[in-house]
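Number of protein chains: 2
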Amino acid sequence: MPQATPWTPPLIAVAVDLAVFTVLDEQFAVLLIERGIEPDIGSLALPGGFLATASEDLSAAAARELAEETGLDAAQVHLEQLATYGVPDRDPRQRVVTVCYLALVPGPLSPMAGGDARNAAWRPVDDIEPASLAFDHATILAEAVERARSKLEYTTVATSFCGPEFTMSELRRVYEIVWGRRLDPRNFQRKILNIPGFVEATGKQTVRNGGRPALLYRAGPARLVQPPILRTRTDDSSPQ
Amino acid sequence: MPQATPWTPPLIAVAVDLAVFTVLDEQFAVLLIERGIEPDIGSLALPGGFLATASEDLSAAAARELAEETGLDAAQVHLEQLATYGVPDRDPRQRVVTVCYLALVPGPLSPMAGGDARNAAWRPVDDIEPASLAFDHATILAEAVERARSKLEYTTVATSFCGPEFTMSELRRVYEIVWGRRLDPRNFQRKILNIPGFVEATGKQTVRNGGRPALLYRAGPARLVQPPILRTRTDDSSPQ
DNA sequence: ACAAAAGTGTTTCCGTTACACCCATGA
DNA sequence: TCATGGGTGTAACGGAAACACTTTTGT
Numbered sequence: 001m002p003q004a005t006p007w008t009p010p011l012i013a014v015a016v017d018l019a020v021f022t023v024l025d026e027q028f029a030v031l032l033i034e035r036g037i038e039p040d041i042g043s044l045a046l047p048g049g050f051l052a053t054a055s056e057d058l059s060a061a062a063a064r065e066l067a068e069e070t071g072l073d074a075a076q077v078h079l080e081q082l083a084t085y086g087v088p089d090r091d092p093r094q095r096v097v098t099v100c101y102l103a104l105v106p107g108p109l110s111p112m113a114g115g116d117a118r119n120a121a122w123r124p125v126d127d128i129e130p131a132s133l134a135f136d137h138a139t140i141l142a143e144a145v146e147r148a149r150s151k152l153e154y155t156t157v158a159t160s161f162c163g164p165e166f167t168m169s170e171l172r173r174v175y176e177i178v179w180g181r182r183l184d185p186r187n188f189q190r191k192i193l194n195i196p197g198f199v200e201a202t203g204k205q206t207v208r209n210g211g212r213p214a215l216l217y218r219a220g221p222a223r224l225v226q227p228p229i230l231r232t233r234t235d236d237s238s239p240q
Numbered sequence: 241m242p243q244a245t246p247w248t249p250p251l252i253a254v255a256v257d258l259a260v261f262t263v264l265d266e267q268f269a270v271l272l273i274e275r276g277i278e279p280d281i282g283s284l285a286l287p288g289g290f291l292a293t294a295s296e297d298l299s300a301a302a303a304r305e306l307a308e309e310t311g312l313d314a315a316q317v318h319l320e321q322l323a324t325y326g327v328p329d330r331d332p333r334q335r336v337v338t339v340c341y342l343a344l345v346p347g348p349l350s351p352m353a354g355g356d357a358r359n360a361a362w363r364p365v366d367d368i369e370p371a372s373l374a375f376d377h378a379t380i381l382a383e384a385v386e387r388a389r390s391k392l393e394y395t396t397v398a399t400s401f402c403g404p405e406f407t408m409s410e411l412r413r414v415y416e417i418v419w420g421r422r423l424d425p426r427n428f429q430r431k432i433l434n435i436p437g438f439v440e441a442t443g444k445q446t447v448r449n450g451g452r453p454a455l456l457y458r459a460g461p462a463r464l465v466q467p468p469i470l471r472t473r474t475d476d477s478s479p480q
């Protein structure tokens, strides 16, 4: 809180960074840009930027950056604040405090539809060398990945990775790919359907080659899952 | 990320606010100050302040504020970042972005030992009128309370509310008071002791009036609890 | 001896897992 | 009719809840 003296608080550049995740091509991927300017030129980095004006809201800045990078409206995706990073020398040029946001976007819909889609690309999170990331973005990314994984346990955000309509298999693949664990299709289906409001039946079903058609669902109104869907750590085997 | 143009990012005042909780007098309480200056003079507010210098780290600022208010060293308490609040008009004087921290401090140890202990006081969280709080602190407090309650489920932070040595009853009272639910003493004890590293026996026991002496424990090295200790919602009854 | 608080053992219950089985479509 | 993927039913397992019972102190 301020003081009655002529002392004034230090003024600092505030940035917003994004950890945008998707499930693309059977992999859990994050959107990274290749830096074209110093410092850390050539390194990979999370997309982001400074507040556009002194009166821009933090969440508005995050939504703006998301739209610039992916072309997606914030209403279509899950966007939540992750954490704030402000170690004094994290940017060598000046003191920067960055508020990081976590975004989960649907898979095939958003390769790079945005306008300002410069050198951004999806990278599988398991293939990223921590040392190849600029600033403290390796730390941020690690925390974002863990946040996303744990959010699948106790919320319904997994539907954010799917399109507006999806099958149980598609939803289950999201869990399997993000967690890197195989799940029993039959138990998974029962568990999801027993959680009120997780999904709603559309009445429609898929038309596909081979196999019985699957019922199509859309995301329901529920946001929290209780009890959580635990990644029990006992059931292993490769996810693919 | 910055641009190569002469454009410079807006500079903003960055503050750190604290939600300091304790279990005092059989109640879950938070440290609030009564504002002595405008705006919102006379309202209650979370303790906090601007960064002292342009190079002060965020967590260092939080630890400094905590020491000023309670006299406690950050090493003795649980201190973690909660969230950042930056709605443009949350402070009518100027644009302020506040990084909020959650602190959990032991009960009888810290009434107001700090030096700069002006008009700060512990208030039971259930007795606080949201409208009596300044700025957006009602929102912040609500999120901090929920964070503290859920942290008890999947971490060992409850020991932060106890002194260096404590009995099972004392630890259980922490859960009961924070959650507002009664817990079975016998099942609770077994559950805690079955979690490796949650507590360690000291070998000592209490000397008290009436009743069998209780074994004394200290906090163990474990930080995460898996599976979580769920507040099942089915077991009700008043906490006192 | 009795009250009070601490700690142990045991039964019951319920959600999860594992898995056998049936269904619907295309080739 | 067979392969493929979708969906249902059920027995077995395991952790948690409920609770009877024993232990150790003070008065």
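For the record, the sequence lines run as chains P and C.
Taking my numbering, I'd label the letters of the first sequence as residues 1 to 240.
Taking my numbering, I'd label the letters of the second sequence as residues 241 to 480.
Cβ coordinates follow ideal geometry from the N, Cα and C atoms, glycine included.
Tell me which residue opens and which closes the beta strand (DSSP E) that C:I240 is part of.
With chain C represented from 241 up to 480, any question about residue 240 of chain C goes unanswered, as that position is not in the structure.
What alpha helix (DSSP H) runs, 4 residues minimum, are completely inside the segment 261-318 of chain C?
Runs of the alpha helix (DSSP H) spanning 4 or more residues and lying entirely within the segment 261-318 of chain C occur at 298-310, in chain order.
Exposed or buried, what is P:L230 when buried is set at 16 or more other beta-carbons lying within 10 Å of its beta-carbon?
exposed
Please classify P:S55 as buried or exposed, where buried requires at least 16 neighbouring CB atoms within 10 angstroms.
P:S55 comes out exposed.
Taking the alpha carbon of C:R384 as the point to measure from, which residue in C:A259, C:T248, C:A253 and C:P249 has its own alpha carbon closest?
Correcting the residue type first, residue 384 of chain C is Ala in the shown sequence and not Arg. Measuring from the Cα of C:A384, the nearest candidate turns out to be C:A259.
Simplified DSSP assignment, three categories, for P:A103:
Strand.
Using C-beta distances below 6 Å, list every residue in its chain close to P:A148, excluding the 5 sequence neighbours before and after it, in chain order.
F21
Nearest to P:V14 by CA position, among P:T139, P:L215 and P:V87, is which residue?
P:V87
Can you list, in chain order, the residues of its chain whose CB lies under 7 Å from that of P:V157, leaving out five sequence neighbours each side?
H78, L104 and K151
Can you list, in chain order, the residues of the segment 53-70 of chain P whose Cβ is nearer than 8 Å to any Cβ on chain C?
T53, A54, S55, E56, D57 and L58
Helix, strand or coil for P:A201 per DSSP?
strand
Contact list for C:A323 against chain P, beta-carbon separation under 9 Å
Q81, A83 and T84
Burial state of P:L216 (16 or more Cβ within 10 Å):
Taking all protein chains shown into account, P:L216 has 16 or more neighbouring C-beta atoms within 10 Å of its C-beta and is therefore buried.
Around the C-beta of P:A201, are 16 or more other C-beta atoms found within 10 angstroms, so that it is buried, or is it exposed?
exposed
Spatial distance of P:P39 from C:F401 (CA atoms)
44 Å
Among P:E165, P:D89 and P:V125, which residue has its Cα nearest to the Cα of P:T206?
P:E165
Hey, P:A45 and C:Q321 are a contact pair by Cβ (cut 8 Å); roughly how many whole angstroms apart?
That belief does not hold up - the Cβ atoms of P:A45 and C:Q321 are roughly 22 Å apart, past 8 Å.
In chain order, what residues of the same chain have a beta carbon less than 6 Å from the beta carbon of P:S51, not counting five sequence neighbours either side?
The sequence given here places Leu at residue 51 of chain P; Ser does not occur at that position. If we look at P:L51 and ignore the five residues flanking it on each side, its Cβ neighbours are V14 and A61.
Can a CB atom of chain C be found closer than 8 Å to the CB of P:I192?
no
Proximity to P:I195 [Cα-Cα], best of P:E170, P:T155 and P:K204
It is P:T155 whose Cα lies nearest to the Cα of P:I195.
Stretch-stretch touch, CB-based, cutoff 8 Å, three pairs: the segment 93-100 of chain P with the segment 303-319 of chain C:
no
From the beta carbon of P:V157, is the nearest beta carbon of chain C less than 8 Å away?
no
Could you give the DSSP three-state label for P:A325: helix, strand or coil?
In the structure displayed, chain P extends from 1 to 240; residue 325 of chain P sits before or after that span and is not available.
Nonlocal neighbours in the same chain, by C-beta distance under 6 Å from P:R219, ignoring five residues either side:
It is Ala, not Arg, that sits at residue 219 of chain P in the sequence shown. These residues qualify, in order along the chain: T159.
Paired residues, beta bridge with C:L464 - DSSP
In the DSSP assignment, the residues bridged to C:L464 are C:T395.
By the criterion of Cβ-Cβ separation under 8 Å, what are the contact partners of C:E281 in chain P?
This sequence places Ile at residue 281 of chain C; Glu is not what is there. The premise fails here: C:I281 is roughly 12 Å from chain P at the closest Cβ pair, so nothing lies under 8 Å.
Anything in the segment 364-396 of chain C with a Cβ closer than 8 Å to a Cβ of chain P? List those residues in chain order, please.
none
Please classify P:G115: does DSSP put it in a helix, a strand, or coil?
Model confidence at P:G115 stands at a pLDDT of 47, short of 50, so the residue's coordinates are unreliable and nothing is read from them.
Could one say the Cβ of C:I252 lies closer than 8 Å to chain P's Cβ atoms, at least one of them?
yes
Residue from C:G282, C:F268 and C:D297 whose Cα sits closest to the Cα of C:E274:
C:G282
Cβ distance (whole Å) where C:A462 is taken to contact C:G437 below 8 Å:
3 Å
Should C:T338 be labelled buried (16 or more other beta-carbon atoms within 10 Å of its own) or exposed?
Under this definition C:T338 is a buried residue.
State buried or exposed for P:P227, treating a residue as buried only when at least 16 other CB atoms are found within 10 Å of its CB.
Exposure of P:P227 is indicated by the presence of fewer than 16 other C-beta atoms within 10 angstroms of its C-beta.
Counting only Cβ pairs nearer than 7 Å, list the residues of chain P close to C:L470.
P227
Exposed or buried, which one is P:E176 when buried takes at least 16 other CB atoms within 10 Å?
Under the 10 Å beta carbon count, P:E176 is surrounded by 16 or more other beta carbons and is classified as buried.
Chain C within 8 Å of P:V99, Cβ atoms only
yes
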